[in-house]
Amino acid sequence: MSLSPFSLSMRFYPNLILLIWICLAPDLYAQKHDYTWMFGYNLKEHPDPTTWGFDLLFTETPPSMTLRPGRSMFIDQSHAAISDTAGHLQFYYNGCEIHGPNDSLMENGDGLNPGDISDLVCPENYNTSQDVVILPHPDSVGLYDMFHHSTTIFTLTGGLKKIDDDRLHRTRVNMKANQGLGKVSLKNEVLQQDTFSSSLAAVRHTNGHDWWIIHRGQRNNFFYTFLYSGDSITGPFPQEIGIPFMGANGSAYALFSPQGDHFAISQWEVGCMLFDMDRSTGKLSNFIHLPIPDSDTIRAMSCAFSPSGRYLYVAAYFEIYQYDLEAIDIAASQKVVVHYDYTLCGLQTAFYWMQLGPDCKIYVIAPNGIRCMSVMHYPDNPVPDCGFSHNEIFMPTYNGISLPYYPNYRLGNAPVCDSSISVHIIPHIPVPSEGLKVYPNPTSGRITLTGLTDGIAYDLQLMDLTGRKMATWVGQFSPIELDLSPWPNGLYFLVIDGPRSRETIRLIKTE
């Protein structure tokens, strides 16, 4: 029996579609542009490694905190980084320069944000907040467009000096140039000149190809939206909605829900503003004001959505609040997640920036350079079951108030996040036992641990700066002797797990 060309094509066509899908699906599904988070100051010439930089890598199993001693860029609040679809770092930025994956200045990567501020601070660090977003070119693999604010010094009535964002720029990076080390092919293109608050955010258009970019005017209630289609950028499209920011402080934090149907912006003067977002038109609507209690002296600092988009969290320095977006009265649904606790981590550990991670957890940093970071493990649960852990992560270096802002690159292509990822971290928990001692510390090899309760089995783990487990022991009777001589010199953490507590001791191994 012979088959007609038509019947052959009908049999072959589904297999061809399946083959194309198999080839394309990994790239569509991956979209791991946000899988490398960069932290730390990076004073690499300093002999103390706790002043260097480190990366939180969600690409590893389990994810890890890894020192980046070769990084020469100083990072503070104003920074951004992007990886390719597989999660490999492409380049990073600090408001002054762009460095490539080899930690060197990229070709044509200096001279960003020209003006009086960059003349004063660059190449150190621009030190502004949420003033940059990086988007992959929708039609050209290896091309990235970076949208960023520059700032200038204004003189207000009465002679008060104020630093405001005054221009929105576009800079293009071509990672196909220089054998994968990249090149800045377009720099500091001015898209808009005005005064803005620091609140750059982006969300994918309903067509799955384009992006909406939005930022907020300063001392008014205007939002300005651009449509980014790759080689075409249209806008700004102004919209007057919400409460004006009238004070001298233009710092704000803005983001879209993972599903792109809500937009939130928080600012210390007014609290948090919530809107519906139409991703087909780029328009905001249904404004809801979420005030922060007057007892919070500094009020709203940042916000984050849960993975499902049901809950909105607002960090207000001394407290974190949860709002239920499915409630009839969203403002009245406010619940306190956690109160500020200054006793942990040795310095003030209030709540500053927040970001939803690829592992479906929300990470919160403090407004100073301490080494602790808080984690909300189950943000899709109502209070008190959202699993907030104050200062859970003890970072390998001090951190310059840096936490990256990432839009949802996976919207329309893949799940928001992967809850199977479990970050391997070292909880920082103060040692409550007055008699607990470890000596000698620093040590050249053997140490003695005293002060534990006899008859109780303790699990002991030795971890390095990256959170990697080096050794485990079980001890039951004090004193306990351990030998660190097999491991190289450096800083380690001894984690002591008892039946109802966990204690962490920092150890220094020397010659």
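Numbering (my numbering), first residue to last: 504 to 1014.
C-beta: ideal position from N, C-alpha, C; glycine also.
Alpha-carbon to alpha-carbon, Gly948 and Ser809: The residue given as residue 809 occupies position 306 in the sequence shown. The residue given as residue 948 occupies position 445 in the sequence shown. Computed Cα separation, rounded: 46 Å.
Can you list, in chain order, the residues of its chain whose CB lies under 7 Å from that of Asp530, leaving out five sequence neighbours each side?
On the sequence shown, residue 530 is found 27 positions in, with the first residue counted as 1. Caution is warranted here: a pLDDT of 42 is assigned to Asp530, below 50, making its placement in the model unreliable, and the coordinate value is therefore given only provisionally. Same-chain partners within the cutoff: Thr588.
- Message: Using 8 Å as the cut-off, can you tell me whether the region 882-901 makes contact with the region 552-561, which would need three or more C-beta pairs spanning the two stretches below that distance?
- Response: A contact exists between the region 882-901 and the region 552-561.
ask   = How do the region 610-625 and the region 569-578 stand: do at least 3 beta-carbon pairs fall below 8 Å, yes or no?
value = By the C-beta criterion, the region 610-625 is judged not to be in contact with the region 569-578, since fewer than 3 inter-stretch pairs fall below 8 Å.
Is Pro882 buried or exposed, if buried means 16 or more other CB atoms sit within 10 Å of its CB? Counting from one through the sequence shown, the residue named residue 882 turns up at place 379. Counting of Cβ neighbours within 10 angstroms places Pro882 among the buried residues, the total reaching 16 or more.
Helix, strand or coil at Pro761 according to DSSP, with G and I counted as helix:
The residue you call residue 761 lines up with position 258 of the sequence shown. Annotated three-state conformation of Pro761 is coil, per DSSP.
Check: Are there 16 or more other CB atoms within 10 angstroms of the CB of Leu623, so buried, or fewer, so exposed?
Finding: Along the sequence shown, read from residue 1 onward, the residue named residue 623 stands at position 120. Burial state of Leu623 is exposed, judged by a 10 Å Cβ sphere holding fewer than 16 other Cβ atoms.
Go ahead and label Met973 buried or exposed: buried means 16 or more other beta carbons lie within 10 angstroms of its beta carbon, across all protein chains shown. Counting from 1 along the sequence shown, the entry for residue 973 is found at position 470. When all chains shown are included, Met973 counts as exposed.
Report task. Evaluate the contact criterion for the region 604-613 versus the region 680-697: three or more CB pairs, one atom per stretch, below 8 Å. Result -> Verdict: yes, contact present.
| Where Arg707 and Ser805 are concerned, what is the direct C-alpha to C-alpha distance, given to the nearest angstrom? | The residue given as residue 707 occupies position 204 in the sequence shown. The residue given as residue 805 occupies position 302 in the sequence shown. Answer to the nearest angstrom: the Cα atoms are 21 Å apart.
Please state whether DSSP places Ala583 in a helix, a strand or coil. As a first step, residue 583 is located in the sequence shown; it is residue number 80 there, counting from the start. The answer is strand: DSSP assigns Ala583 an E or B state.
Throw me the rounded Cβ distance for the Leu1010 and Thr946 pair, which I believe falls under 8 Å. Within the sequence shown, numbered from 1, the residue matching residue 1010 stands at position 507. Within the sequence shown, numbered from 1, the residue matching residue 946 stands at position 443. Between Leu1010 and Thr946 the beta-carbon gap is near 7 Å, inside 8 Å, which marks them as a contact.
Of the listed residues Trp856, Asn884, Asp862, nearest to Leu906 (C-alpha basis):
Position 403 of the sequence shown, counted from the start, is the residue given in the question as residue 906. The closest CA to that of Leu906, considering only Trp856, Asn884, Asp862, is found on Trp856.
Ignoring anything shorter than 3 residues or poking outside the region 713-748, list the beta strand (DSSP E) runs there in chain order.
You should have 714-719, 725-731, 736-743.
Exercise for the section: Select from Ser811, Leu793, Phe729 the residue whose C-alpha is nearest the C-alpha of Ala767. Expected result: For this step, residue 767 is matched to residue 264 along the sequence shown. With distances taken between CA atoms, Ala767 lies nearest to Leu793 out of Ser811, Leu793, Phe729.
Within the same chain, show all residues whose beta-carbon is closer than 8 Å to that of Ile736, passing over the 5 residues directly before and after it, in chain order. One-based indexing of the sequence shown puts residue 736 at position 233. Within the same chain, Ile736 has close Cβ partners Arg673, Leu694, Phe729, Leu730.
- Query: So, is Ala869 buried or exposed, given that buried needs 16 or more other C-beta atoms within 10 angstroms?
  - Reply: In the sequence shown, residue 869 corresponds to position 366, counting from 1. Under the 10 Å beta carbon count, Ala869 is surrounded by 16 or more other beta carbons and is classified as buried.
Tell me whether Pro552 sits in a helix, a strand or coil according to DSSP, three-state version. Translated into the one-based positions of the sequence shown, residue 552 becomes position 49. Three-state DSSP puts Pro552 in a helix.
Would you kindly report the start and end of the unbroken alpha helix (DSSP H) that includes Asp622?
In the sequence shown, counting from the first residue as 1, residue 622 sits at position 119. For Asp622, the enclosing alpha helix (DSSP H) begins and ends at 619-624.
Q | Nearest neighbour of Leu963, chosen from Leu985, Ala853, Asn944 [CA to CA] | A | Numbered from 1 along the sequence shown, position 460 holds the residue referred to as residue 963. Leu963 has its Cα closest to that of Leu985, out of Leu985, Ala853, Asn944.
task: Can you say whether Asn895 is buried or exposed, counting buried as having 16 or more other CB atoms within 10 angstroms of its CB?
output: Counting from 1 along the sequence shown, the entry for residue 895 is found at position 392. Sequence inspection shows Glu at residue 895; the Asn mentioned does not correspond to that position. Per the 10 Å Cβ criterion, buried.
Margin query: Does Lys1012 pass the burial test, meaning 16 or more other C-beta atoms within 10 Å, or should it be called exposed?
Written below: Here residue 1012 refers to the residue found at position 509 when the sequence shown is read from its first residue. By the neighbour-count rule (16 or more Cβ atoms within 10 Å), Lys1012 is buried.
Per DSSP, Lys686 is paired with what?
One-based indexing of the sequence shown puts residue 686 at position 183. In the DSSP output, where bridge partners are listed per residue, Lys686 has Glu610, Asn677.
- Task: Verify whether the separation of the beta carbon atoms of His893 and Asp844 is less than 9 Å.
- Result: Within the sequence shown, the letter at position 390 stands for residue 893. Within the sequence shown, the letter at position 341 stands for residue 844. Taking 9 Å as the cut-off, the Cβ atoms of His893 and Asp844 count as close.
Next on the checklist: Comparing C-alpha positions only, which one of Ala853, Ser621, Glu822 sits nearest to Val841?
Outcome noted: For the purposes of this step, residue 841 is identified with residue 338 of the sequence shown, where counting begins at 1. Check the Cα spacing between Val841 and each of Ala853, Ser621, Glu822: the tightest is with Glu822.
Inset, instruction - Taking the CB atoms as reference points, tell me whether Gly590 and Lys535 lie closer together than 9 Å. - result: Start at 1 with the first residue of the sequence shown, and residue 590 comes out as number 87. Start at 1 with the first residue of the sequence shown, and residue 535 comes out as number 32. Yes.
*Give me the Cβ distance between Tyr942 and Met966, rounded to the nearest whole Å; I'm assuming they're in contact under 8 Å.*
Stepping through the sequence shown from its first residue, residue 942 is reached at position 439. Stepping through the sequence shown from its first residue, residue 966 is reached at position 463. That pair is no contact at about 20 Å.
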